Each structure stands twice: as structure tokens, then as C-alpha cells.
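Notes follow the structure.
Listed below in C-alpha cells is the structure:
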């Protein structure tokens with residue numbers, strides 16, 4: 001088997017993995033600050049995907065361009081969800097939060113199913129079959145668009161947390177909620193804002209994802225699990241870890257899809273998860289607690 | 290339990306025993322489903338309710354129990370009462386492996402829950418590709434139409450299965466009560482309430498948690514054996530689905546996590562509601578695929594927001610069934 005083939009598979013897995021990583025980034029942001037695991041994450045991603053599909057069908061809008069619109073809608077949804085429902089669960093036991101979000105996830109998933117039906121839908125941009133040539137690499141143009149989009153959004157997110165006042169305030173909440181409250185930060189508001197950001201980020205990941213795959217509601221729990229796996233593999237609470245984990249899972253999946261039966265490729269992600277739990281339970285870039 | 294509670298419980302059991310004498314096949318089949326969920330919910334409760342370990346992959350143990358007993362019956366002619374021990378052994382081994390991975394490496398709370406989901410998913414994909422049990426095309430236990438009631442091979446009428454399900458549910462209730470008042474049960478409660486404090490007074494956290502997973506897995510696998518012989522068809526996409534795991538945990542959550550009667554009450558609330566809803570949808574003639582689960586999701590949110598301890602503690606306090614409501618008598 002020529003090396004070029006493998007290089008191409010790894011590169012295309014890497015580009016898909018960046019989008020996976022972006023989705024996991026949303027989960028990581030919410031967990032890192034609000035300390036709540038968003039079990040409805042995949043459902044929000046699929047909602048974002050349908051947003052892109054609808055905007056494409058109605059106005060022919062490229063998913064890269066519809067991303068900001070979808071992000072705004074999902075931000076509002078995430079903000080309202082945290083304010084109205086999740087916030088009163090922040091102090092409750094973990095399993096209660098989990099059950100609450102499981103309920104939200106079930107409602108979202110079946111609402112999507114009732115609205116859009118079980119059949120797959122896709123976005124057919126006019127560069128769907130173009131390729132980008134870089135040396136020995138022949139990359140799908142859609143994947144390149146999606147991957148670059150994911151990197152840009154992730155960079156913006158890092159910059160926001162590092163340099164903006166709100167970003168710093170949110171990091172303060174994550175580090176020490178009590179201290180943050182003492183210095184006068186509005187915890188409830190910042191939590192809602194953070195949940196909104198997490199939802200917006202996964203919404204964008206969803207819109208970018210429509211460039212690569214078709215969307216059906218039933219895929220939502222798989223995306224939730226995928227995001228969980230990536231966050232654990234990358235390291236809990238580590239934002240770069242989420243991206244790295246995404247790339248790792250993306251590449252492994254691509255290689256497994258090529259070397260094994262395609263329907264068994266998710267099995268490999270679980271194998272990676274179990275290996276990480278065995279060898280490095282804090283994740284690739286996580287700190288030992 | 291108060292005298293009043295005990296009296297009501299005896300009446301409840303007597304009524305359940307009499308059901309097949311007076312009710313038609315449909316009612317019996319619905320109640321069989323109710324009892325099955327009550328049983329499996331009780332099994333799940335041992336992990337979550339007693340020891341505070343959230344498992345969201347209990348479909349794994351149901352599925353393993355179902356597939357192991359069905360495969361033994363179809364391929365080797367080994368009946369369910371023998372096959373059930375093999376089924377329990379396989380489920381316990383799976384549970385022990387997951388528990389070992391989780392508890393050894395400090396995978397707690399929601400991440401442990403994720404691990405349980407991951408293993409159920411792995412099993413789903415694996416059984417999809419396992420030709421020995423039919424793969425994704427399904428696995429079928431032949432139905433002997435002429436056979437009549439045969440308790441030994443668990444073949445026969447709905448009434449037979451109803452009584453077996455009733456026996457399982459009452460047996461699990463009794464076992465859970467005995468366990469809860471045993472040394473092991475007190476250790477579980479201590480670990481659930483405050484793991485660090487429990488460890489400080491000498492409770493072996495790892496062992497207590499491992500016991501919880503293994504007991505729960507074994508009990509759940511028996512539910513799987515029942516399911517296999519009751520429905521006679523197994524599809525990995527249904528048996529190991531995540532939705533299945535959620536269906537299993539709902540009765541205990543609605544009824545009351547950690548209470549003995551909660552899973553039973555929860556099953557008696559949810560299944561008839563779901564059936565009624567299915568009928569109502571069928572009557573209106575609209576075929577909406579997600580409506581039933583939409584209802585379950587809403588029920589989950591409403592319960593966890595307004596009655597976080599479940600319906601049973603609230604009801605028991607209202608009817609003065611338990612001695613001191615809210616205190617340490619979870620019966």
C-alpha cells in the first residue's frame with residue numbers, strides 16, 4: 001500500500017477531527033465552568049446541522065456563512081436553558097443534573113424527529129466534488145472548508161477566554177466560584193452566558209459538519225457520546241485537549257474505516273477511550289486531580 | 290412500614306395474584322411489562338439507589354442475559370433455568386470489568402456513567418457483527434405452538450409469563466430489602482452518602498462498589514433471560530440501544546431512587562401511561578414516531594424538577610405507609 005494513500009486518509013481524518021474537536025470544545029467549556037455535563041450536546045449539534053440544511057434549502061446559504069446565524073440561535077437557546085432550568089440544578093447532586101439533561105436531550109431529539117422525520121438530509125454545495133492539492137495530498141474541498149472553519153472558531157474562543165473581560169470573569173468563576181462571587185461577579189449570568197457559548201460552539205460545529213456528512217436526528221446520541229469520549233481522551237477541563245482529542249479520534253476513525261468494516265469504526269473510538277482510561281485516566285492533556 | 294402499609298402491601302400482592310383470573314390477555318400482557326420494568330428497575334436501583342453509582346448502560350446486562358440464554362437454548366438445547374446461571378455469570382464478568390476500569394482509575398459520577406454507555410454501545414456493535422447469534426438480522430427462539438405451558442423450558446401462555454414476572458418482581462423486592470439491611474447494604478449507603486467518610490471508618494470503597502455492580506448485573510441479566518423467552522426475538526439495535534437503558538432507569542427515577550417500592554410504583558405509573566398514550570395516538574390516526582419518547586422526556590424533566598426524590602416518598606408520607614417519612618426507613 002503506497003504511503004500517499006495513508007497520508008491522505010490521515011489528513012482527511014484530521015480535518016474531520018477538527019470539527020469533532022470543536023464540538024467537544026463546547027462540552028468542555030460548559031463542564032469546565034458550570035460543572036454540569038451537557039447530555040443534550042449531540043442534540044444541539046444536530047439542531048445546528050438542521051439549521052444549516054434549512055438555510056441552504058431556503059436561501060442557498062453556504063454552511064460556512066450560516067454558522068453565525070445558527071450560533072446566535074443556539075446561544076439564545078443555551079442561555080435560556082441555563083437560566084430557566086439548569087441553573088437551579090447547579091448545587092444538586094451530579095446524577096440529578098444528568099437526569100435533567102437526559103430529559104432535555106430526549107425532548108430535543110424527538111422534537112427534531114417529529115419535525116424533520118427520520119430520513120437523512122444534506123447540503124449540496126457546488127464545490128462538493130472539488131479537491132485541493134497540496135503536494136501528495138488530495139483533500140476534499142468541503143473538508144478543508146470545515147476544518148479551517150473549526151480552527152478559526154476555536155482560535156476565536158481561546159482569544160475570548162484569554163483577553164476579553166467577560167472571558168476572564170468566566171475563568172474566575174471556573175477557578176473559584178465562591179471567590180468570584182465575593183469580588184462581585186454575577187455567577188448566574190456568567191453561567192448562562194457560558195452555556196450559551198458552549199451551545200453556540202457546538203451549533204457551529206454542526207453547521208460545518210453538514211459539509212462532510214448528511215444529518216438525521218438519530219445521530220444525535222452518537223455525537224453526544226463522541227464529544228464525551230473526546231473530552232475524556234483529551235483531558236477534562238483542558239480546551240487544547242479537546243481539540244487534540246478530536247483530531248486523534250478523527251484520524252483513528254478514518255484509518256479504521258479504511259482498514260476495517262466501516263460499520264465497526266466507532267468501535268475503535270471506544271477502544272481508544274478504554275485504553276486512555278487504563279493508561280492515562282486524566283486524559284492526554286489533563287492534570288491529575 | 291406501618292401496619293397500614295403492610296396491610297395495603299398484602300392486598301396489593303393478592304390483587305396481582307388474582308389478575309389473570311379476571312382480566313383479559315391484553316391487561317395481563319401490559320401488567321407483565323409493568324412487572325418486568327419494576328424488576329429491572331429494582332436491579333438498577335441496587336447500583337444507583339443503594340450505592341450511588343449511576344449506570345446508563347443497563348441494556349448491556351439485559352442484552353447479555355438475553356443473548357446468552359437464547360444462544361444456549363437454540364444451539365445446545367439448554368433450558369432457561371440452567372442458561373440463566375451462565376447469563377448471570379457473563380453479565381457479572383462484564384459488570385466486574387467495567388467496575389474495575391472505573392473504580393480503579395477514579396472514573397466517577399458522570400464519567401462512570403459514560404463508561405457504562407460506552408460498553409453497551411460496544412456490545413451493540415459487536416452483536417451486530419456476531420453471526421453466531423444472527424448479527425443485525427436478529428436472533429429468534431422457535432415458538433412451539435402445540436406445547437402448552439412448560440415452566441421448565443419457559444414456553445407457554447402469557448399467564449405463565451405473568452406469574453414468572455410477578456415472582457421475579459417480588460423476589461427482587463425481598464432480596465433488595467434483605468441486602469439493604471445487611472452489612473453490605475449499610476456499607477453501600479455509607480459509600481453513597483459520603484465516600485470519604487465511609488473510607489475513613491474502614492469501608493473498602495472498591496469492594497463495596499464492585500459488589501454493587503456485580504449484584505445489579507446478575508439481577509438485570511435474569512431480566513434479560515425473561516425478555517428473550519417472552520418475546521422470542523432479539524435485535525442488537527433494540528436490545529442494546531441507549532433508549533433501552535433509559536427506559537430501564539425511568540421507573541426507579543419516577544418512583545424514587547433508593548426506595549424499595551419506588552421502581553414498582555414507577556413502573557405502574559409509566560407503562561400504563563405509555564400504553565394509554567400509544568392508544569390515544571392510534572385513535573387520532575396520526576403516526577408520529579417520536580411522540581411517546583417526547584412524553585417520557587417531559588416526564589423526566591417534570592419529575593426531576595418538582596419531585597426530585599420521586600413519587601413514592603411523597604405518596605408514602607401522604608398515605609402514612611412508612612414509619613418516619615424522609616428518615617432512614619426506605620421501605
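Residue numbers (this note's numbering), protein chains in the order written: chain F, 1 to 289; chain U, 290 to 620.
No residue lacks a Cβ here, since even glycine has one placed at the ideal position from N, Cα and C.
None of these values were measured; they are calculated from a predicted model.
Helix, strand or coil at residue i [DSSP, three-state]
i                      : result
residue 107 of chain F : helix
residue 216 of chain F : coil
residue 131 of chain F : strand
residue 621 of chain U : Since the first and last residues shown for chain U are 290 and 620, residue 621 of chain U lies out of range.
residue 236 of chain F : coil
residue 121 of chain F : strand
residue 4 of chain F   : helix
residue 285 of chain F : coil
residue 353 of chain U : helix
residue 139 of chain F : strand
residue 614 of chain U : Any reading at residue 614 of chain U must be qualified, since the residue scores a pLDDT of 44, below 50, and its modelled position is unreliable; no value is offered.
residue 620 of chain U : Reliability of the predicted coordinates at residue 620 of chain U is poor, the pLDDT of 49 falling under 50, and the value obtained from them is presented with this limitation in mind. Coil.
residue 546 of chain U : coil
residue 492 of chain U : coil
residue 471 of chain U : coil
residue 466 of chain U : helix
residue 40 of chain F  : coil
residue 529 of chain U : coil
residue 244 of chain F : helix
residue 268 of chain F : helix
residue 211 of chain F : coil
residue 224 of chain F : helix
residue 260 of chain F : coil
residue 291 of chain U : coil
Buried or exposed by the 16-neighbour rule on C-beta atoms within 10 Å, applied to residue i
i                      : result
residue 287 of chain F : exposed
residue 186 of chain F : exposed
residue 296 of chain U : exposed
residue 333 of chain U : buried
residue 536 of chain U : buried
residue 315 of chain U : exposed
residue 131 of chain F : exposed
residue 42 of chain F  : buried
residue 240 of chain U : Absent from the structure is residue 240 of chain U, since the part of chain U shown begins at 290 and ends at 620.
residue 487 of chain U : buried
residue 220 of chain F : buried
residue 68 of chain F  : exposed
residue 260 of chain F : exposed
residue 292 of chain U : exposed
residue 89 of chain F  : buried
residue 421 of chain U : exposed
residue 30 of chain F  : buried
residue 140 of chain F : buried
residue 599 of chain U : buried
residue 60 of chain F  : exposed
residue 133 of chain F : exposed
residue 493 of chain U : exposed
Nearest-angstrom beta carbon gap, residue j and residue i [assumed within contact, 8 Å]
i                      : j                      : result
residue 502 of chain U : residue 592 of chain U : Contact flag wrong, Cβ pair sits at about 25 Å.
residue 344 of chain U : residue 402 of chain U : 7 Å
residue 142 of chain F : residue 153 of chain F : That belief does not hold up - the Cβ atoms of residue 142 of chain F and residue 153 of chain F are roughly 17 Å apart, past 8 Å.
residue 462 of chain U : residue 500 of chain U : In fact, because the Cβ distance is near 19 Å, the residues do not count as touching under 8 Å.
residue 267 of chain F : residue 414 of chain U : 5 Å
residue 325 of chain U : residue 512 of chain U : 6 Å
residue 252 of chain F : residue 269 of chain F : 7 Å
residue 83 of chain F  : residue 192 of chain F : 5 Å
residue 278 of chain F : residue 342 of chain U : About 19 Å separates the two Cβ atoms, so there is no contact after all.
- Message: If the cut-off is 7 Å on Cβ atoms, which residues from the region 106-124 of chain F count as contacting chain U, listed in chain order?
- Response: Within the region 106-124 of chain F, the residues whose Cβ lies closer than 7 Å to any Cβ of chain U are, in chain order, 106, 107, 110, 111, 113, 114, 118.
- Task: Run through the region 574-598 of chain U for me and flag every whole alpha helix (DSSP H) of 4 or more residues, listed as ranges in chain order.
- Result: The region 574-598 of chain U contains, as complete alpha helix (DSSP H) runs of 4+ residues, the segments 580-595 (chain order).
- Item | Length at least 4, wholly inside the region 394-460 of chain U: the alpha helix (DSSP H) runs in chain order | Along the region 394-460 of chain U, the alpha helix (DSSP H) occurs as fully enclosed runs of 4 or more residues at 398-417, listed in sequence order.
- Message: My parser needs the alpha helix (DSSP H) runs of 4 or more residues fully inside the region 63-117 of chain F; what are they?
- Response: Segments of the alpha helix (DSSP H) lying fully in the region 63-117 of chain F: 63-84, 94-116.
- Contact residues within the region 577-592 of chain U, judged by C-beta distance below 9 Å to chain F: Against chain F - using a Cβ distance shorter than 9 Å - the residues of the region 577-592 of chain U are 577, 578, 579, 580, 581, 582, 583, 584, 585, 586, 587, 588, 589, 590, 591, 592.
- Message: Any C-beta of chain F within less than 8 Å: which residues of the region 410-421 of chain U qualify?
- Response: Of all residues in the region 410-421 of chain U, only 410, 411, 414, 415, 417, 418 come within less than 8 Å of chain F when Cβ atoms are compared, listed by chain position.
- Message: Going residue by residue through the region 142-197 of chain F, where are the continuous beta strand (DSSP E) segments of at least 3 residues, counting only ones entirely within it?
- Response: With a minimum length of 3 residues, no continuous beta strand (DSSP E) run stays inside the region 142-197 of chain F.
- Against chain U: residues of the region 27-41 of chain F by CB proximity under 7 Å: Contact annotation: in the region 27-41 of chain F, residues whose CB is within less than 7 Å of a CB in chain U are 37.
- Message: Going residue by residue through the region 298-370 of chain U, where are the continuous alpha helix (DSSP H) segments of at least 4 residues, counting only ones entirely within it?
- Response: Qualifying alpha helix (DSSP H) stretches, in chain order: 314-334, 348-365.
- Query: Relative to chain F, which residues along the region 534-549 of chain U have a C-beta separation below 7 Å, given in chain order?
  - Reply: Within the region 534-549 of chain U, those residues whose Cβ lies closer than 7 Å to any Cβ of chain F are, in chain order, 535, 542.
- Message: Any C-beta of chain F within less than 8 Å: which residues of the region 396-407 of chain U qualify?
- Response: For the region 396-407 of chain U, which is checked against every Cβ of chain F, the residues closer than 8 Å are 396, 398, 399, 400, 402, 403, 404, 406, 407.
- Note down, in chain order, all residues in the region 93-105 of chain F with a beta-carbon under 7 Å from any beta-carbon belonging to chain U. Of all residues in the region 93-105 of chain F, 94, 95, 96, 98, 99, 100, 102, 103, 104 have a Cβ within less than 7 Å of some Cβ in chain U.
- Message: Under 9 Å, CB to CB, which of the residues in the region 41-56 of chain F have a partner in chain U?
- Response: For the region 41-56 of chain F, which is checked against every Cβ of chain U, not one residue is closer than 9 Å.
- Relative to chain F, which residues along the region 311-340 of chain U have a C-beta separation below 9 Å, given in chain order? With the criterion set as a beta carbon lying under 9 Å from some beta carbon of chain F, the members of the region 311-340 of chain U are 337, in sequence order.
- Task: May I ask you to list, following chain order, the residues of the region 255-268 of chain F that have a beta carbon less than 8 Å from some beta carbon of chain U?
- Result: Answer set for the region 255-268 of chain F: 261, 263, 264, 266, 267.
- Task: Closer than 8 Å, Cβ to Cβ, to anything on chain U: give me those residues from the region 220-235 of chain F, in chain order.
- Result: Of all residues in the region 220-235 of chain F, those with a C-beta nearer than 8 Å to a C-beta of chain U are 221, 225, 228, 229, 232, reading in chain order.
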